[in-house]
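Novice: Below is the structure I would like to discuss, written out as structure tokens.
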Amino acid sequence: MDIKEYLSMATDTVIKYAPSLIGGILVLFIGFWVIKKISKIANSGLENSTLSPEITTFLISMFDMVLKVSVILFAAGIAGFDTSALVGILAAAGFAIGLALQGGLGNFASGIIILVFKPYKVGDWIDLDGKFGKVEEIQIFNTLLGTPGKKTLIIPNGQITENVVTNFSKKGAIRLELEVSMPYEESFPKIEGIIQGVMLKNDKIIREPAPLVGIEKYETHFVVVGVKPFVNPDDYWEVTYDLNKEIKKAFSENDVKMAYSEGVQLGKIGN
Numbered sequence: 001m002d003i004k005e006y007l008s009m010a011t012d013t014v015i016k017y018a019p020s021l022i023g024g025i026l027v028l029f030i031g032f033w034v035i036k037k038i039s040k041i042a043n044s045g046l047e048n049s050t051l052s053p054e055i056t057t058f059l060i061s062m063f064d065m066v067l068k069v070s071v072i073l074f075a076a077g078i079a080g081f082d083t084s085a086l087v088g089i090l091a092a093a094g095f096a097i098g099l100a101l102q103g104g105l106g107n108f109a110s111g112i113i114i115l116v117f118k119p120y121k122v123g124d125w126i127d128l129d130g131k132f133g134k135v136e137e138i139q140i141f142n143t144l145l146g147t148p149g150k151k152t153l154i155i156p157n158g159q160i161t162e163n164v165v166t167n168f169s170k171k172g173a174i175r176l177e178l179e180v181s182m183p184y185e186e187s188f189p190k191i192e193g194i195i196q197g198v199m200l201k202n203d204k205i206i207r208e209p210a211p212l213v214g215i216e217k218y219e220t221h222f223v224v225v226g227v228k229p230f231v232n233p234d235d236y237w238e239v240t241y242d243l244n245k246e247i248k249k250a251f252s253e254n255d256v257k258m259a260y261s262e263g264v265q266l267g268k269i270g271n
């Protein structure tokens with residue numbers, strides 16, 4: 001067979017399969033573009049439904065994945081591939097990958113457990129083994145936490161269901177735990193009154209249950225006073241800094257002295 005025959009066969013092959021191959025590629029690109037549009041529409045529709053945000057995110061992720069697999073199979077069929085064989089290959093590959101990535105399947109199952117039993121929901125402040133943040137999304141395999149420092153933590157769902165999760169939003173309030181140093185020479189009722197007065201002026205502090213002020217412990221040169229008001233979880237950091245600032249200011253205005261940690265000498269607080 002000479003070169004002309006090879007070229008002739010190649011040309012015939014291209015002419016025979018090119019339309020179906022091009023058609024398959026077009027279906028793939030158009031299909032993915034349509035899926036993107038459909039996902040946006042579905043997302044908007046679900047956001048206006050009675051479903052919770054975490055279920056909405058989970059359903060959209062599943063919907064998107066199923067549609068993309070369907071488009072890939074359809075495009076393969078148009079391109080001339082045997083889709084039944086392709087499905088078999090995908091099933092075998094999926095089984096093999098599943099065995100290799102049992103953690104991923106575990107994360108998927110954990111995602112379903114989280115949605116069903118709701119240990120937390122989108123918008124809750126949680127702590128997981130020292131990882132503190134606000135739940136932004138509950139995805140198929142991961143949960144996304146936004147930290148106060150504007151970082152996004154991506155935590156596998158399997159890790160969450162296997163550990164203790166502290167949910168600060170479950171009860172609708174979180175208790176601040178501040179400590180203030182009081183010299184032994186000062187009167188506790190006076191200090192308590194000053195601190196309670198500061199908290200009374202802060203409208204982000206929850207009134208019931210009432211804020212607590214009490215003696216925590218006795219140190220060598222001062223008494224540790226605990227300050228424990230309840231606040232909305234979203235106001236945690238703002239109220240923490242506001243109270244520290246306003247308590248210092250109130251102590252200065254009332255001539256409250258504090259003990260230096262270096263020794264027993266007492267000094268006045270600066271402005």
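Using full-length UniProt numbering, you'd call the opening residue of the sequence shown number 1 and step up by one each time.
Here a beta-carbon is modelled for each residue, glycine too, at the ideal position from N, C-alpha and C.
Can we say the region 150 to 163 touches the region 113 to 127, given the rule of at least three CB pairs closer than 8 Å?
Specialist: Touching, yes, given that three or more Cβ pairs across the two stretches are closer than 8 Å.
Novice: Quickly, what does DSSP pair S181 with across the bridge? List them, please.
Specialist: Answer is V224.
Novice: For E186, does the three-state DSSP call read helix, strand or coil?
Specialist: Reduced to three states, the DSSP call for E186 is coil.
Novice: Going by DSSP, what residue range makes up the alpha helix (DSSP H) through T240?
Specialist: Counting along the chain, the alpha helix (DSSP H) containing T240 begins and ends at Y236 to E253.
Novice: Using beta-carbon positions only, say whether N167 and I126 come within less than 9 Å of one another.
Specialist: Yes, the pair counts as a contact, with Cβ atoms nearer than the cut-off.
Novice: Regarding I78 and the ligand SAM, is the C-beta to nearest heavy atom distance less than 8 Å?
Specialist: Because no ligand of any kind appears in the structure shown, any question about the ligand SAM cannot be addressed here.
Novice: Quick one: Cα of S187 to Cα of P233, how far?
Specialist: Roughly 32 Å between the two C-alpha positions.
Novice: Straight-line CA distance for K37 to A75?
Specialist: Rounded to the nearest angstrom, the two C-alpha atoms are 18 Å apart.
Novice: Quick one: grab the DSSP three-state call for G172.
Specialist: G172 falls in the coil class under three-state DSSP.
Novice: Determine the direct distance from the alpha carbon of F63 to that of G214, and round the result to whole angstroms.
Specialist: Straight-line Cα distance between these residues: approximately 54 Å.
Novice: Beta carbon of M199, beta carbon of V256: below 9 Å?
Specialist: The answer is no: Cβ separation not under 9 Å.
Novice: Is DSSP giving L99 helix, strand or coil here?
Specialist: In this prediction, L99 scores a pLDDT of 46, lower than 50, which makes its location untrustworthy; the coordinate-derived value is nonetheless stated afterwards. In this structure, L99 counts as helix in the three-state DSSP scheme.
Novice: Give me the Cα-Cα distance between K68 and I206, rounded to the nearest whole angstrom.
Specialist: Cα to Cα, the separation comes out at about 49 Å.
Novice: On the CB-based measure, 16 or more other CB atoms within 10 Å of its CB, does I22 come out buried or exposed?
Specialist: Exposed, since its Cβ has fewer than 16 Cβ neighbours within 10 Å.
Novice: Roughly how many angstroms lie between the CA atoms of residue 295 and S70, to the nearest whole one?
Specialist: Since the first residue shown for the chain is 1 and the last is 271, residue 295 is missing from the structure and cannot be characterised.
Novice: Which residue wins for smallest C-alpha separation from G146, given the options D235, S252 and D124?
Specialist: Among D235, S252 and D124, the Cα nearest to that of G146 is on D124.
Novice: Could you give the C-beta distance for E185 and K228, rounded to a whole number, given that I count them as a contact under 8 Å?
Specialist: The pair is not a contact, with the Cβ atoms about 24 Å apart (cut-off 8 Å).
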